[in-house]
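Since the structure comes first, as structure tokens, the remarks are kept for the end.
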Amino acid sequence: MNIPTNLKYTKDHEWFRLEGDCAYVGITDFAQSELGEIVFVEIETVGETLNAGETFGTVEAVKTVSDLFLPVSGEVLEANPLLEDQPGLVNSDPYGEGWMVKIRVKNMAETETLLTAEAYRSLIA
Amino acid sequence: MKTTPFTDIHIALGAKMHEFAGYNMPIEYTTGIIDEHLTVVNGVGVFDVSHMGEFWVKGANALQFLQKICSNNIAALPIGKAQYNFFPNGKGGIVDDLIVYHYEPEKYLLVVNAANIEKDWEWINSQNSEGAELENSSDNMAQLAIQGPKAAEQLQTLTDIPLSEIPYYSFTVGSIAGVDNVIISNTGYTGAGGYELYFYPQFGQQLWNKLFEAGEPFGLKPIGLGARDTLRLEMGFLLYGNEIDETTSPIEAGLGWITKPAEGKNLIDGDLFTHQRTEGVAKKLVGFELIDRGIPRTGYELTDGKGKTIGRVTSGTLSPTRKIGIGLGYVETPYAKIGTEIAVAIRNKELKAIVVKPPFRK
């Protein structure tokens with residue numbers, strides 16, 4: 000299972016990559032593998048400011064629909080435009096082209112609560 | 000958890016396993032549900048459906064008993080043929096849906112849903128005032144479904160029985176892949192054509208291995224329960240627990256065509272069904288396609304597109320062949336007409352949909 004060490008994680012299987020005061024968010028390799036083929040990603044919260052743990056979108060596999068939770072509080076700046084026509088990127092490249100949203104982090108202190116790669120690995124073990 | 004003769008094989012093949020009706024079953028293999036679905040639509044795939052239940056009903060009173068507990072006209076079922084049925088529950092609902100095979104004179108095989116085996120067994124025993132001889136063979140019969148347009152050609156390489164002479168919803172008993180006493184039935188739950196094989200569990204692995212040796216040139220793949228569900232849904236086939244259950248009327252569910260209370264049968268709830276058919280019902284099961292982008296799911300509300308709830312989704316998915324959202328659901332009868340524009344309430348939006356007549360797969 001691919002769990003890059005430069006990322007932070009949540010118990011809900013999102014990953015979080017900080018870049019300055021912004022961050023990219025997606026779902027983990029484990030999550031995409033559990034869900035199976037992703038056929039639809041819906042994110043309609045661009046422009047909204049959400050609290051940590053709030054739903055920023057949904058991801059649908061053939062058989063299931065799952066909510067996507069924001070790892071930390073912030074403003075949703077952008078949704079990955081590629082996913083509208085190529086939701087399968089979440090399967091093929093979950094940490095790269097399969098990213099889901101870019102956010103502006105509201106409170107940097109919250110990022111300290113996220114899981115390290117090691118902690119996430121033991122969570123899914 | 001219960002296993003089938005193929006459980007170890009599924010695990011070795013890397014299938015995602017999940018509990019279903021008490022059995023450890025493959026949901027999907029490594030290529031995923033969409034690939035498996037398209038394999039069955041265009042080629043051939045094999046499903047382990049050994050979890051299904053099998054009951055024998057025998058003796059001089061078997062027919063009279065079945066005419067009471069089964070919805071369809073069993074008297075019209077010749078030896079060698081199969082027939083779709085449901086068990087009415089005495090309260091206007093459905094105990095289960097099933098296939099009845101007329102195996103020999105005074106001997107019938109009932110194939111029921113895995114999740115209902117115990118309930119059905121108790122039910123038929125409780126109704127057996129006719130004194131038919133009942134036998135639960137669920138643990139002593141395994142089943143594989145070989146489905147798809149290439150199924151007949153592939154299976155023919157493993158048997159001398161001329162498969163093309165077995166019409167739809169008919170069966171024969173014989174030898175296939177060196178295994179004797181196999182029920183070879185031209186039936187299935189996919190709409191893609193093919194056969195269902197019933198056999199003794201100890202021959203399961205032999206049959207599986209021979210199938211896959213012979214299947215290589217045909218691109219045979221194992222198919223999980225995930226694609227089994229999307230395949231049946233594209234055909235508009237009902238699933239017990241979703242479209243039908245102890246509280247749903249068969250007339251509302253569109254099962255009038257297998258409800259034959261008038262043909263000299265003492266059918267449980269027969270008068271009620273006749274009344275419902277004559278008087279009409281307040282809601283009906285329909286198929287619908289999404290016009291807007293989205294995927295309907297079980298339990299989502301159906302609306303008139305203007306905020307008024309008119310029903311509920313019983314099954315929904317993204318159609319793997321058409322790449323649109325499709326579903327089945329109950330709507331108030333005025334909205335059940337083919338072509339009616341309705342909507343599916345998905346996350347506070349009303350997504351446009353249209354009532355259609357399944358199959359969704361053209």
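Residue numbers (numbering that gives the first Met the number 0), protein chains in the order written: chain P, 0 to 124; chain F, 0 to 361. All C-beta atoms, glycine included, are put in the ideal place defined by N, C-alpha and C.
Exercise. Quick one: does GLU242 of chain F have its CB under 8 Å from some CB of chain P?
Worked result: Residue numbering aside, residue 242 of chain F sits at position 243 when the second sequence is read from its first letter. Chain P contact via Cβ: absent.
For this session: Verify the CB distance criterion: does GLU59 of chain P have a CB-CB separation below 8 Å to chain F?
Result: Against the first sequence, residue 59 of chain P aligns to sequence position 60. It does: the Cβ of GLU59 of chain P has a partner Cβ on chain F nearer than 8 Å.
Problem set entry | Range covered by the alpha helix (DSSP H) that runs through LEU82 of chain P | Within the first sequence, numbered from 1, the residue matching residue 82 of chain P stands at position 83. Per DSSP, LEU82 of chain P belongs to no alpha helix (DSSP H) and is neither H nor E.
Exercise. Listed in chain order, which residues of the stretch 9–35 of chain P have Cβ atoms closer than 7 Å to some Cβ of chain F?
Worked result: GLY35
Exercise. Going by beta carbon distance, what residues of the same chain come within less than 7 Å of VAL312 of chain F, once the five residues before and after it are set aside?
Worked result: Mapped onto the second sequence, residue 312 of chain F falls at position 313. Here the set comprises PRO295, ARG296, THR297, GLY298, TYR299, LEU301, GLY326, GLY328 and VAL343.
For this session: Apply the 10 Å Cβ neighbour rule to LEU76 of chain P and answer buried if 16 or more other Cβ atoms are within range, or exposed otherwise.
Result: The residue you call residue 76 of chain P lines up with position 77 of the first sequence. Looking at its Cβ environment, which holds fewer than 16 other Cβ atoms inside 10 Å, LEU76 of chain P is exposed.
Problem set entry | Beta carbon proximity, VAL100 of chain P to chain F, threshold 8 Å | In the first sequence, counting from the first residue as 1, residue 100 of chain P sits at position 101. Answer no: the Cβ-Cβ gap between VAL100 of chain P and chain F never drops below 8 Å.
Exercise. What separation, rounded to the nearest whole angstrom, lies between the Cα atoms of SER126 of chain P and THR29 of chain F?
Worked result: The requested residue 126 of chain P is not part of the displayed model; chain P covers only 0 to 124.
Exercise. So ASN23 of chain F is in the alpha helix (DSSP H); what residue range does that whole segment cover?
Worked result: Start at 1 with the first residue of the second sequence, and residue 23 of chain F comes out as number 24. Segment 22–27 is the beta strand (DSSP E) holding ASN23 of chain F; no alpha helix (DSSP H) there.
Problem set entry | CA nearest to the CA of ASP179 of chain F, picked from F:SER70, F:TYR199 and F:ILE98 | As a first step, residue 179 of chain F is located in the second sequence; it is residue number 180 there, counting from the start. For ASP179 of chain F, the nearest C-alpha among the options comes from F:TYR199.
Exercise. Counting pairs of beta carbons, one from the stretch 143–154 of chain F and one from the stretch 71–86 of chain F, are three or more of them closer than 8 Å?
Worked result: no
Exercise. How should LEU65 of chain F be labelled, buried or exposed, when 16 other C-beta atoms within 10 angstroms of its C-beta is the threshold for buried?
Worked result: Position 66 of the second sequence, counted from the start, is the residue given in the question as residue 65 of chain F. With 16 or more Cβ atoms within 10 Å of its Cβ, LEU65 of chain F is classed as buried.
For this session: Using three-state DSSP, classify GLU53 of chain P as helix, strand or coil.
Result: In the first sequence, the residue the question calls residue 53 of chain P occupies position 54. In this structure, GLU53 of chain P counts as coil in the three-state DSSP scheme.
Exercise. Going by Cα to Cα distance, which pick from F:ARG231, F:ASP96, F:PRO148 and F:LYS282 is closest to VAL43 of chain F?
Worked result: What you label residue 43 of chain F is simply residue 44 of the second sequence in a count that begins at 1. Per the Cα distances, F:PRO148.
Exercise. List, in order along the chain, the chain F residues whose C-beta lies closer than 8 Å to that of VAL64 of chain P?
Worked result: The residue labelled residue 64 of chain P in the question sits at position 65 within the first sequence. Simply ILE294 and ARG296.
Problem set entry | Anticipated Cβ contact below 8 Å, ALA116 of chain P with ILE26 of chain P, distance rounded | For this step, residue 116 of chain P is matched to residue 117 along the first sequence. For this step, residue 26 of chain P is matched to residue 27 along the first sequence. Wrong, their Cβ atoms sit about 15 Å apart, outside the cutoff.
Exercise. Tell me the DSSP bridge mates of MET84 of chain F?
Worked result: As a first step, residue 84 of chain F is located in the second sequence; it is residue number 85 there, counting from the start. It is Asn, not Met, that sits at residue 84 of chain F in the sequence shown. ASN84 of chain F is bridged to F:LEU97.
Exercise. Can you name the start and end residues of the alpha helix (DSSP H) that ALA342 of chain F belongs to?
Worked result: Translated into positions along the second sequence, residue 342 of chain F becomes position 343. Unbroken run through ALA342 of chain F is the beta strand (DSSP E), 340–345; no alpha helix (DSSP H).
Exercise. Which same chain residues, not among the five before or five after LYS220 of chain F, have their C-beta less than 6 Å away from its C-beta?
Worked result: By one-based count along the second sequence, residue 220 of chain F stands at place 221. Within the same chain, LYS220 of chain F has close Cβ partners THR38 and GLY44.
Exercise. Is DSSP giving PRO200 of chain F helix, strand or coil here?
Worked result: Here residue 200 of chain F is taken as the residue at index 201 of the second sequence, counted from 1. Three-state result, PRO200 of chain F: helix.
Exercise. Helix, strand or coil: how does DSSP classify GLU117 of chain P here?
Worked result: Within the first sequence, residue 117 of chain P is the residue found at index 118, counting from 1. GLU117 of chain P falls in the helix class under three-state DSSP.
Exercise. Relative to the C-alpha of LYS307 of chain F, which residue among F:LEU289, F:GLU331 and F:TYR167 is closest?
Worked result: To locate residue 307 of chain F, count along the second sequence from 1; it is residue 308. Of the candidates F:LEU289, F:GLU331 and F:TYR167, the one whose C-alpha sits nearest the C-alpha of LYS307 of chain F is F:GLU331.
For this session: Would you mind giving the Cβ-Cβ distance between LEU34 of chain P and THR63 of chain P, rounded to the nearest angstrom? I have them listed as a contact below 8 Å.
Result: Numbered from its first residue, the first sequence carries residue 34 of chain P at position 35. Numbered from its first residue, the first sequence carries residue 63 of chain P at position 64. Contact holds; Cβ gap of about 6 Å.
Problem set entry | GLY225 of chain F to TYR8 of chain P span [Cα, whole Å] | Here residue 225 of chain F refers to the residue found at position 226 of the second sequence. Here residue 8 of chain P refers to the residue found at position 9 of the first sequence. If you take the alpha carbons of GLY225 of chain F and TYR8 of chain P, they lie about 29 Å apart.
Problem set entry | Distance between PHE236 of chain F and ASN84 of chain F (C-alpha atoms, nearest Å) | Along the second sequence, one-based indexing puts residue 84 of chain F at 85. Along the second sequence, one-based indexing puts residue 236 of chain F at 237. Cα to Cα, the separation comes out at about 13 Å.
For this session: Note down the Cα distance separating GLU13 of chain P from ILE26 of chain F, rounded to an integer number of angstroms.
Result: Residue mapping note: residue 13 of chain P aligns to position 14 of the first sequence, counting from 1. Residue mapping note: residue 26 of chain F aligns to position 27 of the second sequence, counting from 1. Distance between the alpha carbons of GLU13 of chain P and ILE26 of chain F is about 24 Å.
Exercise. Just checking, does the stretch 285–294 of chain F make contact with the stretch 344–360 of chain F on the three C-beta pairs under 8 Å criterion?
Worked result: yes
Exercise. How would you write the range of the beta strand (DSSP E) that GLU121 of chain F sits in, first residue to last?
Worked result: Here residue 121 of chain F is taken as the residue at index 122 of the second sequence, counted from 1. No beta strand (DSSP E) contains GLU121 of chain F, which is instead part of the alpha helix (DSSP H) from 116–125.
Exercise. At a Cβ threshold of 8 Å, is ILE8 of chain F touching chain P?
Worked result: Here the question's residue 8 of chain F lines up with position 9 in the second sequence. Chain P, which has no Cβ nearer than 8 Å to the Cβ of ILE8 of chain F, makes this no.
Exercise. Are the Cβ atoms of LYS101 of chain P and TYR23 of chain P separated by less than 8 Å?
Worked result: Sequence index remark: in the first sequence, residue 101 of chain P carries index 102 (1-based). Sequence index remark: in the first sequence, residue 23 of chain P carries index 24 (1-based). Taking 8 Å as the Cβ cut-off, LYS101 of chain P and TYR23 of chain P qualify as a contacting pair.
For this session: Please compile the residues from chain F whose C-beta is within a distance smaller than 8 Å of the C-beta of PHE39 of chain P.
Result: Position 40 of the first sequence, counting from 1, holds the residue named residue 39 of chain P. Ordered by position in chain F, the residues that pass the 8 Å Cβ test against PHE39 of chain P are ARG292, GLY293, ILE294 and LEU317.
Exercise. Taking the alpha helix (DSSP H) that HIS17 of chain F falls in, what are its first and last residues?
Worked result: Mapped onto the second sequence, residue 17 of chain F falls at position 18. Premise fails: HIS17 of chain F lies in the beta strand (DSSP E), 15–19, not in any alpha helix (DSSP H).
Problem set entry | DSSP-derived helix/strand/coil call for ILE292 of chain F | Residue 292 of chain F sits at position 293 when you count from the first residue of the second sequence. Looking at the sequence itself, residue 292 of chain F is Arg, so the reference to Ile does not match. If DSSP states are grouped into helix, strand and coil, ARG292 of chain F belongs with coil.
For this session: Kindly identify the DSSP beta-bridge partner or partners of PRO221 of chain F.
Result: Stepping through the second sequence from its first residue, residue 221 of chain F is reached at position 222. BP columns for PRO221 of chain F point to F:VAL45.
Problem set entry | Cutoff 8 Å: THR229 of chain F Cβ touching any chain P Cβ | Position 230 of the second sequence, counted from the start, is the residue given in the question as residue 229 of chain F. It does; some Cβ of chain P falls within 8 Å.
Exercise. Any beta-carbon of chain P closer than 8 Å to the one on ILE323 of chain F?
Worked result: Residue mapping note: residue 323 of chain F aligns to position 324 of the second sequence, counting from 1. So, not an interface residue.
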